[in-house]
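Under my numbering, read the sequence shown as residues -8 to 250, first letter to last.
For glycine and all other residues, C-beta sits at the position ideal for the given N, C-alpha and C.
Everything numeric in this text was worked out from a predicted model, so none of it was measured.
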Amino acid sequence: RIVNLGDDEDLIHLSQLTHLNLLRNQLETLPSNIGYLRNLICLELANNRLVELPLEFGYLSALNRINLECNKLSCLPETLGQMKCELINLNSNMLTSLPNCIGDMPNLKILCVCDNQLSCLPAKIGNSKTLEVIHASKNEITELPYTFVYLSSLECLWLDFNVKMSALPFNFHFLTKLKELKMEGNVDMVLPTTDTLLKGPEEVLRWSERRLGASQFARAQNILLTVQDVLKQVGKYKIGGLNGMPSHHSLYEQNVSQD
-8 RIVNLGDDED LIHLSQLTHL NLLRNQLETL PSNIGYLRNL ICLELANNRL
42 VELPLEFGYL SALNRINLEC NKLSCLPETL GQMKCELINL NSNMLTSLPN
92 CIGDMPNLKI LCVCDNQLSC LPAKIGNSKT LEVIHASKNE ITELPYTFVY
142 LSSLECLWLD FNVKMSALPF NFHFLTKLKE LKMEGNVDMV LPTTDTLLKG
192 PEEVLRWSER RLGASQFARA QNILLTVQDV LKQVGKYKIG GLNGMPSHHS
242 LYEQNVSQD
């Protein structure tokens, strides 16, 4: 089994390499010069012991798929935003967060981050116009960012067994292309209810529209009540006349006494 990739200079001589399979080894690190492998199309790194990726990993611009499943990664470099891959598999790692640059990856269609320790997804994930599939089962996600609803190409979303999640974001119905939604095992979920979730994504989208309508109606009611309350206060002053408001004469007397 491979424990390391040798000297950095060894990789410089492999700059024309297009496929690299390093599955099921004992790699803990990758050398910084891995960035020289700019013709790599496919890189398999699953089932190793990687704890981090070098910044230069983001220079592998020709990759169309990355498999980093079953490692020990706890963070990712911001340079990933430069990569043009369509699929990145990060299942079964130790990630507690994802970098904002995930939303900047221009061709990313499939993001797999199941079985990690994520408490949230980055706000800028909503910048992505290409993401079609997000698998984020078995994490610790409590809520989705409000920008999540701008993922206009999203068709498949797995959020099952994020037991601390209690609600989907407002305007969830903006995800008009959503065809598959997995939310099983989220015991704290109340918005929407389990009954609604069991009816599938189309019903969840309809529920979201109704929720928005109800919220707007309640907001309008609150505004109306506030206006009515203000008008009542104004009415009291008008009815009270001189008894309700101090006269110019009394104000003058107060000023004289103070002088």
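query                                                                                                                                                                    : result
Classify L142 as helix, strand or coil using the three-state DSSP reduction.                                                                                             : coil
With respect to the alpha helix (DSSP H) encompassing L188, which residues constitute its N-terminal and C-terminal limits?                                              : T185 to L189
Looking only at DSSP bridge pairs, what is I32 linked to?                                                                                                                : Paired residue(s): none; I32 is not in a bridge.
Just to confirm my understanding: we take Q108, look at its own chain, exclude 5 residues before and 5 after, and list those with CB closer than 8 Å. What are they?     : M85, L86, T87, N130 and E131
Within 8 Å (strictly less), CB to CB, does C103 reach chain C?                                                                                                           : The chain labelled as chain C is not found in the depicted structure, where only one protein chain is given.
If the criterion is Cβ atoms closer than 8 Å, does the pair Y137 and P160 meet it?                                                                                       : yes
Quick check: the Cα distance between Q7 and P22, rounded to an integer number of angstroms?                                                                              : 17 Å
Does A114 come out as helix, strand or coil in the three-state DSSP assignment?                                                                                          : helix
Measuring straight from C-alpha to C-alpha, what distance separates V42 and L203?                                                                                        : 43 Å
Quick one: complete beta strand (DSSP E) runs, 3+ long, within the region 1 to 74?                                                                                       : 10 to 12, 33 to 35 and 56 to 58
Going by DSSP in three states, C147 sits in which element: helix, strand or coil?                                                                                        : strand
Taking its Cβ as the centre, do 16 or more other Cβ atoms sit within 10 Å of I93, making it buried, or is it exposed?                                                    : buried
In whole angstroms, give me the CA-to-CA distance for A37 and S128.                                                                                                      : 18 Å
Among V178, N55, G49 and L145, whose alpha-carbon lies nearest the alpha-carbon of T9?                                                                                   : N55
What is the DSSP secondary structure of L233, counted as helix, strand or coil?                                                                                          : Because the pLDDT of L233 is 48, which lies under 50, any placement of that residue in the model is unreliable, and the number read from its coordinates should be weighed accordingly. L233: helix per DSSP, three-state reduction.
What separation, rounded to the nearest whole angstrom, lies between the Cα atoms of L112 and L99?                                                                       : 16 Å
Secondary structure at I93, three-state DSSP: helix, strand or coil?                                                                                                     : helix
According to DSSP, which residues form a beta bridge with L78?                                                                                                           : R56 and I101
Could you pull the DSSP bridge partners for A158 from this structure?                                                                                                    : L182
With a threshold of 6 Å on Cβ separation, who are the neighbours of S199 within its own chain once the five nearest residues in sequence on each side are excluded?      : F163 and H164
Could you check if H126 is buried or exposed, using at least 16 other CB atoms within 10 Å of its CB as the buried criterion?                                            : buried
Drop a sphere of 10 angstroms on the beta-carbon of G49, count the other beta-carbons inside from all chains shown, and report buried for 16 or more, exposed for fewer. : buried
In three-state DSSP terms, what is L196?                                                                                                                                 : helix
Run the CB neighbour count on N12, radius 10 Å, all protein chains shown included, and call it buried at 16 or more, exposed below.                                      : exposed
Excluding sequence positions up to five away, which residues of its chain have a Cβ less than 7 Å from the Cβ of L14?                                                    : E35, A37 and N38
By Cβ distance below 6 Å, which residues in the same chain neighbour L71 in space, the five residues on each side in sequence not counted?                               : G49 and C92
Helix, strand or coil, according to DSSP, for L172 in the structure here?                                                                                                : strand
With a 10 Å radius around its C-beta and 16 neighbouring C-beta atoms as the bar for buried, classify L189 as buried or exposed.                                         : exposed
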